[in-house]
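Below is one structure; the comments refer to it alone.
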Amino acid sequence: MTVSRRTFLASSATIGGALTLGLPDVVRALEAHTESPARRPVAPLRILILGGTGFIGPYQVQYALDRGHKVTLFNRGVTNTALFPNVPRLVGDRNLPDGHKALEGGEWDVVIDNPTSNPKWVRDAGNALRGRTKHYLFVSTISVFSDNSKPIDENGPLHLPSDIDAAYDAKVYGQNKVRSEMEAKTQFGNDVTIIRPGLIVGPGDLSDRFSYWPVRIDRGGEVMAPGTPNDPVQYVDARDLGEWIVRLAETKTLGTFNATGPKLPTTMSEMLYGIKAVTTSGARFTWVAADFLTANQVRAWSDMPVWVPPTGRTAGFARVICTKAYAAGLTFRPLAETAAATLQWYHARPAAEQEKARAGLAADREVAVLAAWHASGRSE
Ligand SMILES: NC(=O)c1ccc[n+]([C@@H]2O[C@H](COP(=O)([O-])OP(=O)(O)OC[C@H]3O[C@@H](n4cnc5c(N)ncnc54)[C@H](OP(=O)(O)O)[C@@H]3O)[C@@H](O)[C@H]2O)c1
Numbered sequence: 007m008t009v010s011r012r013t014f015l016a017s018s019a020t021i022g023g024a025l026t027l028g029l030p031d032v033v034r035a036l037e038a039h040t041e042s043p044a045r046r047p048v049a050p051l052r053i054l055i056l057g058g059t060g061f062i063g064p065y066q067v068q069y070a071l072d073r074g075h076k077v078t079l080f081n082r083g084v085t086n087t088a089l090f091p092n093v094p095r096l097v098g099d100r101n102l103p104d105g106h107k108a109l110e111g112g113e114w115d116v117v118i119d120n121p122t123s124n125p126k127w128v129r130d131a132g133n134a135l136r137g138r139t140k141h142y143l144f145v146s147t148i149s150v151f152s153d154n155s156k157p158i159d160e161n162g163p164l165h166l167p168s169d170i171d172a173a174y175d176a177k178v179y180g181q182n183k184v185r186s187e188m189e190a191k192t193q194f195g196n197d198v199t200i201i202r203p204g205l206i207v208g209p210g211d212l213s214d215r216f217s218y219w220p221v222r223i224d225r226g227g228e229v230m231a232p233g234t235p236n237d238p239v240q241y242v243d244a245r246d247l248g249e250w251i252v253r254l255a256e257t258k259t260l261g262t263f264n265a266t267g268p269k270l271p272t273t274m275s276e277m278l279y280g281i282k283a284v285t286t287s288g289a290r291f292t293w294v295a296a297d298f299l300t301a302n303q304v305r306a307w308s309d310m311p312v313w314v315p316p317t318g319r320t321a322g323f324a325r326v327i328c329t330k331a332y333a334a335g336l337t338f339r340p341l342a343e344t345a346a347a348t349l350q351w352y353h354a355r356p357a358a359e360q361e362k363a364r365a366g367l368a369a370d371r372e373v374a375v376l377a378a379w380h381a382s383g384r385s386e
């Protein structure tokens with residue numbers, strides 16, 4: 007719960023007057039003066055969420071329900087089926103020719119399309135929803151950009167779009183998202199919001215790309231840290247992203263937004279030491295130079311998650327300009343909250359899942375590369 011200085015002072019005055027009351031009254035007085043966005047009254051919307059049960063979706067759904075909106079979900083009924091038993095669910099497989107048929111009966115103020123990379127899904131959603139929604143929000147990605155050599159805003163150069171009528175090829179992710187963004191405008195005209203997140207992190211992330219660091223640091227010992235302590239990083243907590251998307255829907259904010267954080271430029275060392283601060287481990291970081299990592303087949307991003315070398319063609323990758331999103335209300339919880347929640351979530355996962363991490367360096371490889379680094383004479 008965030009309390010600004012102004013509201014804290016206002017709360018203190020209220021509490022001063024409330025000191026003769028019992029503790030529950032004081033707590034209520036404080037809560038009445040917080041800026042928790044979930045407490046602000048908003049006009050209820052009919053929101054259709056395409057997807058909604060994977061990673062970012064559940065946070066959106068819960069936040070939207072908390073704010074009094076009427077939510078409908080549309081998916082196959084395969085992922086996390088126990089979630090939201092009281093929320094109406096339309097069923098369809100978007101890969102099938104008549105997969106969007108279930109959407110044809112309804113009418114919604116807003117449609118949020120979370121999982122789509124296949125531009126055909128956007129076309130089919132447009133056809134099924136024609137004239138029956140006022141606003142379409144599409145979750146894209148910063149991978150639409152073709153040039154990461156310098157910091158880019160929303161007008162940076164894009165990949166060439168994939169062919170919507172060709173067989174879908176998931177490998178050309180950026181190209182597919184570019185075509186999907188174009189198709190969103192074709193189908194829904196000006197009533198479109200395009201959100202381009204960077205790396206999405208936090209509890210529920212099955213890609214392990216951020217989780218590696220809290221888990222590794224929590225284990226303690228000598229931790230291999232990539233590049234230099236000053237290398238930039240960017241990421242966005244799925245909860246901050248999901249909640250902001252709901253607020254964009256409430257205000258019908260249109261346009262295209264790069265959407266990653268933190269708001270202030272952040273370095274790899276700030277991230278790693280920030281994560282360490284929520285553990286009790288005595289982790290020690292050894293910074294291994296980028297060229298040494300490459301020579302030892304340690305890959306940026308996948309083996310050393312979140313990090314890419316801030317040079318050459320990836321010099322701007324972790325410096326994407328998101329000031330437009332910040333001005334439109336994208337906010338960030340503290341790293342400590344993200345790290346602690348991620349760690350807690352990770353340890354609650356089944357043991358087999360924990361052992362099969364999808365990203366990050368295996369423990370034996372880390373030991374071997376660190377030994378080679380120390381033997382190289384470059385580690386001092
Ligand atoms: N992860 C990152 O770091 C990152 C970075 C940038 C952008 N992004 C983008 O962020 C978005 C994240 O989406 P999310 O997965 O978190 O969304 P989500 O809405 O939480 O989950 C995905 C939903 O899609 C449904 N779905 C999957 N296949 C379907 C099909 N064939 N037909 C109908 N529904 C289907 C799933 O339910 P069923 O399985 O039950 O159908 C599930 O409800 C994606 O667009 C991704 O490209 C991600």
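So the sequence shown is numbered by the working numbering: it starts at 7 and just counts up by one.
Think of the CB as a built atom: it goes at the ideal place given N, C-alpha and C, for glycine as much as any other residue.
Cut-off 7 Å between Cβ atoms - residues of its own chain near residue i, not counting five sequence neighbours on either side
i	result
Glu372	Met230
Gly383	none
Leu71	Val77
Ala289	Ile223, Gly226, Gly227, Val229, Lys282
Arg325	Pro157, Pro238
Phe291	Val229, Ala231, Leu278
Asn196	Leu260
Ala321	Ser155, Lys156
Ala378	Asn302
Ile327	Pro157, Ile158, Asp159, Asn264
Cβ-heavy atom distance, residue i to ligand 1, below 8 Å
i	result
Gly83	yes
Asn120	yes
Lys183	yes
Gly112	no
Gly204	yes
Ala244	yes
Phe323	no
Asn86	yes
Ile62	yes
Asn133	no
Val145	yes
Ser308	no
Leu54	no
Thr300	no
Asn264	no
Asn154	no
Gly366	no
Val207	yes
Ser213	yes
Ile170	no
Gly105	yes
Phe80	yes
Arg100	yes
Thr59	yes
Endpoints, the alpha helix (DSSP H) within which residue i is located
i	result
Phe298	296 to 301
Ile281	274 to 282
Glu432	Summary: the structure shown does not reach residue 432, with the chain confined to residues 7 through 386, and so no result is reported for it.
Pro64	62 to 72
Val252	244 to 256
Ala306	Counting along the chain, Ala306 falls outside any alpha helix (DSSP H), and DSSP gives it neither H nor E.
Ala265	Looking at the DSSP string, Ala265 is not in any alpha helix (DSSP H); the run it does join, the beta strand (DSSP E), is 261 to 265.
Proximal residues to residue i (C-beta, below 6 Å), its chain only, five neighbours per side dropped
i	result
Pro220	Ile281, Ala345, Thr348, Leu349
Ala381	none
Arg138	Glu113
Arg253	Gly335
Glu386	none
Pro163	Ser152, Asp153
Trp307	Val314
Rounded Cβ spacing between residue i and residue j (contact assumed at less than 8 Å)
i	j	result
Val145	Ile201	5 Å
Gly204	Ile170	Contact flag wrong, Cβ pair sits at about 25 Å.
Leu51	Glu256	7 Å
Leu376	Met310	No, Leu376 and Met310 are not in contact; Cβ-Cβ is about 13 Å, not under 8 Å.
Tyr241	Thr266	7 Å
Gly180	Trp351	Not a contact, Cβ separation roughly 29 Å.
Asp214	Phe338	The Cβ separation is near 21 Å, so there is no contact.
Tyr218	Ala333	That belief does not hold up - the Cβ atoms of Tyr218 and Ala333 are roughly 32 Å apart, past 8 Å.
Ile62	Leu79	Ile62 to Leu79, Cβ: 13 Å. No contact.
Residue range of the unbroken beta strand (DSSP E) whose run includes residue i
i	result
Tyr179	No beta strand (DSSP E) holds Tyr179; the alpha helix (DSSP H) holding it covers 179 to 194.
Leu96	95 to 97
Ile55	52 to 56
Tyr174	No beta strand (DSSP E) holds Tyr174; DSSP gives it neither H nor E.
Val229	228 to 232
Arg202	198 to 203
Leu79	76 to 81
Nonlocal neighbours in the same chain, by C-beta distance under 8 Å from residue i, ignoring five residues either side
i	result
Leu29	Because the pLDDT of Leu29 is 40, which lies under 50, any placement of that residue in the model is unreliable, and the number read from its coordinates should be weighed accordingly. For Leu29, where only same-chain residues beyond five positions count, there are no Cβ hits under 8 Å.
Asn86	Thr59, Gly60, Pro64
Asp130	Arg100, Gly105, His106
Problem - Ordered list of alpha helix (DSSP H) runs contained in the stretch 317 to 349, each at least 4 residues - result: 329 to 333
Practice task
Entirely within the stretch 114 to 158 and at least 3 residues each: give me those beta strand (DSSP E) ranges in chain order.
Solution key: 116 to 119, 142 to 145
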